[in-house]
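Have a look at the structure below before the remarks.
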Amino acid sequence: MSQKIQAVKGMNDLLPVEQKDFPLTSEFWQAFEHTVARCAQRYGYRQIRTPIVEQTGLFVRSIGEETDVVGKEMYTFADSNDTLSLSLRPEGTASCLRAVIEHNLLYNGPQKLWYMGPMFRRERPQKGRYRQFHQMGVEALGYDGPDIDAEIIAMCAALWDELGIREHVTLELNCLGNRDERAAHREALVAYLQQHEAILDEDGKRRLHTNPLRVLDTKNPDLQAMADAAPRLIDYLGEDSRAHYQGLKTLLDGLGIAYVENPRLVRGLDYYNLTVFEWVTDKLGAQATVCGGGRYDGLLENLGGKPAPGIGFGMGIERLLLLVREHGCLKADNRADVYAIYQGEGALLPLMQTAAVLRGHGVNVLQHCGVHSLKNQMKKAAASGARFALIIGEDEAAKGEVTLKDLHGSHGQVTVAAEQTYTQLQQWMEA
Ligand code: ATP
Ligand code: MG
11 MSQKIQAVKG MNDLLPVEQK DFPLTSEFWQ AFEHTVARCA QRYGYRQIRT
61 PIVEQTGLFV RSIGEETDVV GKEMYTFADS NDTLSLSLRP EGTASCLRAV
111 IEHNLLYNGP QKLWYMGPMF RRERPQKGRY RQFHQMGVEA LGYDGPDIDA
161 EIIAMCAALW DELGIREHVT LELNCLGNRD ERAAHREALV AYLQQHEAIL
211 DEDGKRRLHT NPLRVLDTKN PDLQAMADAA PRLIDYLGED SRAHYQGLKT
261 LLDGLGIAYV ENPRLVRGLD YYNLTVFEWV TDKLGAQATV CGGGRYDGLL
311 ENLGGKPAPG IGFGMGIERL LLLVREHGCL KADNRADVYA IYQGEGALLP
361 LMQTAAVLRG HGVNVLQHCG VHSLKNQMKK AAASGARFAL IIGEDEAAKG
411 EVTLKDLHGS HGQVTVAAEQ TYTQLQQWME A
């Protein structure tokens with residue numbers, strides 16, 4: 011026997027059944043996709059789909075060379091002619107903005123967009139952290155807020171409500187100000203970090219000059235006290251930034267969306283300014299963030315577009331669904347309404363014809379295939395979870411009739427003319 015070939019580490023199959031180390035089924039996933047697409051639609055956001063592969067330079071320029079995502083986690087390879095470096099997308103914003111610029115979408119005015127699909131990061135796989143994972147995200151381009159900031163946060167909250175997890179997630183909020191404010195803060199921060207250079211870990215020492223704000227984002231417990239006492243960006247914000255932040259908080263208060271201000275929230279990617287936020291949970295261990303986002307007013311210009319403000323978020327679908335499965339509610343019932351059974355050669359065609367008519371009325375019909383005894387087929391019908399069995403034997407076939415059996419309820423069994431099948435079923439379903 012040849013050796014089996016396995017999936018790539020950290021990349022999951024989505025199956026109709028639960029796997030021991032990955033309990034999300036394709037049907038659960040599908041139900042989520044439907045829910046989230048409806049939610050985006052209700053807010054007037056339109057979908058965008060971009061390729062999974064982009065030029066590496068797109069991510070270097072937008073996400074930033076010094077970030078973990080670009081520095082360590084990207085799947086990068088040379089295209090066959092060796093001149094072009096390509097990467098699997100590690101997130102959705104850069105591709106979305108690239109497409110918006112390339113197709114000049116903002117010419118038609120501001121855009122409210124959403125996307126969903128696989129992303130790739132070479133991280134250490136663990137529960138809630140994979141190498142191929144999926145994000146749903148929105149990007150609102152051409153609006154300078156804070157009304158739009160509040161809108162996308164409210165959209166998240168509405169989705170959490172619908173998924174039954176609102177009480178299990180907390181909104182953390184911060185304001186990163188503008189470039190000058192960050193520069194002034196950065197100067198003070200670097201001076202402060204230099205005073206503490208001796209205790210910094212390797213990451214900290216490296217980031218001290220490249221990306222000092224990220225030193226404060228450290229998960230190293232030995233550095234928490236130092237990070238807590240560091241100069242706070244919020245104290246360097248000017249009037250406009252403060253007004254924007256206050257405007258957002260006032261709207262959130264009015265909408266009844268609770269938040270926790272976290273002055274150390276900086277987010278992993280370099281492109282953010284003003285509003286940044288994360289939705290975190292204490293139910294998924296170390297993988298606490300289910301959704302993160304913020305404003306990136308300079309990014310369109312940085313990628314070669316006309317200057318225009320932007321804000322967006324990305325949610326990790328695996329993390330979110332692990333949370334929903336344990337603590338929320340999402341109905342994923344793809345069981346058939348009817349299990350179709352036949353006995354004898356002459357019964358097969360009438361069965362397939364009747365099943366086709368039912369499907370035409372929107373009834374889900376799972377047809378038995380292969381030659382098996384009636385008893386065996388009835389067992390399969392019961393195990394399938396279908397509500398009804400549709401049975402055609404030689405006798406029924408000869409008379410143009412069918413038998414319907416209620417497998418779980420109290421309707422029993424009736425034999426009707428084949429043309430009456432749907433009417434009869436409808437009566438039972440509505441009863
Ligand atoms: P973390 O701090 O957990 O690594 P991040 O800041 O790198 O997250 P973002 O780039 O903000 O994550 O991506 C948005 C969301 O995508 C995250 O909040 C998370 O829910 C999800 N996500 C990110 N990386 C992974 C991954 N490797 N596996 C599964 N989900 C992920
Ligand atoms: Mg990460």
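First residue of the sequence shown: 11, per this note's numbering; consecutive thereafter. Glycine included, every Cβ here is placed at the ideal spot set by N, Cα and C.
Distance, residue j Cα to residue i Cα
i      : j      : result
Cys10  : Pro100 : The question about residue 10 has no answer, for the chain in this structure spans 11 to 441.
Ala198 : Phe87  : 39 Å
Val110 : Arg71  : 16 Å
Ala292 : Tyr246 : The identity of residue 292 in the sequence shown is Asp, whereas the question assumes Ala. Their backbone Cα atoms lie some 31 Å apart in a straight line.
Gly380 : Ala408 : 21 Å
Glu411 : Asn344 : 28 Å
Gln204 : Asp190 : 21 Å
Ala318 : Asp157 : 16 Å
Leu361 : Met388 : 15 Å
Leu284 : Asp227 : 17 Å
Gly187 : Trp289 : 20 Å
Ile15  : Leu332 : 27 Å
Glu355 : Gly419 : 30 Å
Asp171 : Leu96  : 39 Å
Gln51  : Gly314 : 29 Å
Lys10  : Ser251 : The structure shown does not extend to residue 10, since the chain spans only 11 to 441, so no value can be given for it.
Glu64  : Leu384 : 55 Å
Ala391 : Ile327 : 34 Å
Gly81  : Leu210 : 20 Å
Leu359 : Ala342 : 32 Å
Buried versus exposed, by CB contacts within 10 Å (16 or more), residue i
i      : result
Thr93  : exposed
Lys30  : exposed
Pro26  : exposed
Met21  : exposed
Arg305 : buried
Ala2   : Here the chain covers residues 11 to 441 and nothing more, so residue 2 does not appear.
Pro61  : exposed
Met325 : buried
Gly303 : buried
Thr103 : buried
Tyr349 : buried
Asp307 : buried
Leu262 : buried
Val79  : buried
Cys339 : exposed
Ile175 : buried
Arg108 : buried
Gln121 : buried
Residue i CB to nearest heavy atom of ligand 2 below 7 Å
i      : result
Asp292 : no
Asp213 : no
Asp238 : no
Asp78  : yes
Extent of the continuous beta strand (DSSP E) to which residue i belongs
i      : result
Arg369 : Unbroken run through Arg369 is the alpha helix (DSSP H), Glu355 to Gly370; no beta strand (DSSP E).
Lys293 : First-last for Lys293: undefined, no H or E at that position.
Ile402 : Phe398 to Ile402
Ile158 : Element bounds for Ile158: not the beta strand (DSSP E) but the alpha helix (DSSP H), Asp157 to Leu173.
Phe130 : Gln121 to Phe130
Met325 : Gly320 to Gly326
Glu182 : Thr180 to Cys185
Ala88  : Thr86 to Ala88
Heavy atom of ligand 1 within 7 Å of residue i beta-carbon
i      : result
Tyr131 : Before going on, a small fix: residue 131 reads as Arg here, not Tyr. Yes, since a heavy atom of ligand 1 falls inside the 7 Å radius drawn around the Cβ of Arg131.
Met325 : yes
Tyr140 : yes
Thr103 : no
Cys301 : yes
Arg305 : no
Phe32  : no
Gln363 : no
Arg277 : yes
Glu64  : no
Arg99  : no
Phe287 : no
Glu328 : yes
Range of the contiguous alpha helix (DSSP H) that encloses residue i
i      : result
Pro26  : From DSSP, Pro26 is part of no alpha helix (DSSP H); its letter is neither H nor E.
Arg71  : Thr66 to Ile73
Met11  : Looking at the DSSP string, Met11 is not in any alpha helix (DSSP H), and its letter there is neither H nor E.
Glu37  : Ser36 to Arg52
Cys106 : Thr103 to Glu112
Exercise. Can at least three beta-carbon pairs, one atom from the region 276-293 and one from the region 122-131, be found at a separation below 8 Å?
Worked result: The region 276-293 makes no contact with the region 122-131; the number of CB pairs closer than 8 Å stays below 3.
For this session: Tell me, please, whether the region 296-303 touches the region 126-141 by the rule of three or more beta-carbon pairs shorter than 8 Å.
Result: yes
For this session: Mind the definition here: the region 211-220 touches the region 169-182 only if three or more C-beta pairs lie below 8 Å; say whether that holds.
Result: no
For this session: Report yes or no: do three or more beta-carbon pairs, one from the region 313-330 and one from the region 148-167, lie closer than 8 Å?
Result: yes
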